[in-house]
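Chemist: The sequence shown begins at 0 in numbering that gives the first Met the number 0 and counts up by one.
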Amino acid sequence: MLYKETCKPKTGSGFQNILMVVGMAVGIILFVGLTNMLKRAFGLPWIEYLVYVVIIAFCYWLIKTRVQEFRYAVAEDELTVERIVGGREKLLLKVDLKTVTAAGMAAQLPRLNCKNHNFAFRKGSDLLVIQYMENGQPKQVTLDASEEFVRCVMHSLKNCCPEARIYP
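Structure representation (structure tokens):
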């Protein structure tokens, strides 16, 4: 059994997107103007680098929240997560389902104090959380998966890892 799905970020309406682009342009112009004013008034030559750092940080945020998508795939004994940006795919995580210790919705699963791979664009109690062991260390992955994907994961877990705790 193989099931794949793509999780896309929530995008606004056309008007909201236009408003965001105009707001970004105005914000960049105002920020550059402010830094030029500070450079002239106080003789701070390094202030230009601050502009570059802020613009790079903003572009990083924009890609993380608006452009990238995640593709989840589950096979008989493996869960994979890929990141898609502009048509390019990169494998981010591969979990052998035989190493899973627990799985369920975030509200029902006891929290672990461990490394969490978060591949969801939102927070909530209805996200799928899978806890597993890797190199003797507990880890968990959080996915914003559809009900069909959750059913496929649970079915695969029951078949290949019957000792895993599954929270409905």
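All residues carry an ideal CB built from backbone N, CA and C; glycine is no exception.
1. Output the distance between the C-alpha atoms of Met104 and Pro167, rounded to the nearest integer angstrom.
2. Cα separation between Phe57 and Cys6?
3. Rounded to whole angstroms, what's the CA-CA distance from Ile17 to Val66? Just pull it up for me.
4. Taking the CB atoms as reference points, tell me whether Phe118 and Tyr2 lie closer together than 8 Å.
5. Sort Pro8, Ala40, Gly13 and Glu75 by Cα distance to Asn158 and report the nearest one.
6. Assuming Glu47 and Ala144 form a contact by the criterion Cβ under 8 Å, report the distance between their Cβ atoms to the nearest whole angstrom.
7. Let's see if you can read the secondary structure: which residues bound the alpha helix (DSSP H) around Asn158?
8. Measuring straight from C-alpha to C-alpha, what distance separates Tyr71 and Val94?
9. Distance, Cα to Cα, Glu146 vs Val152?
10. Pop quiz: Ile55 and Glu68 are said to be a contact at Cβ under 8 Å. What is the actual Cβ separation, rounded to whole angstroms?
11. Return the residue from the list Pro8, Thr141 and Thr98 that minimises the CA-CA distance to Thr64.
12. If you run the structure through DSSP and keep just helix, strand and coil, what is Thr64?
13. So, for Ile165: in the same chain, excluding its five sequence neighbours on each side, which residues have a beta-carbon less than 8 Å away from its beta-carbon?
14. Could you tell me the alpha carbon to alpha carbon distance between Gln136 and Thr10, rounded to whole angstroms?
15. Starting from Thr34, trace the beta strand (DSSP E) both ways and give me its first and last residue.
Modeler: Checking against the coordinates, here is how it stands:
1. 7 Å
2. 22 Å
3. 15 Å
4. no
5. Glu75
6. Incorrect: roughly 44 Å between the Cβ atoms, too far for contact.
7. Glu146 to Cys159
8. 11 Å
9. 10 Å
10. About 22 Å; that fails the 8 Å criterion.
11. Pro8
12. helix
13. Ala101, Ala102, Gly103, Met153, Leu156 and Lys157
14. 36 Å
15. Counting along the chain, Thr34 falls outside any beta strand (DSSP E), though it belongs to the alpha helix (DSSP H) covering Gly13 to Phe41.
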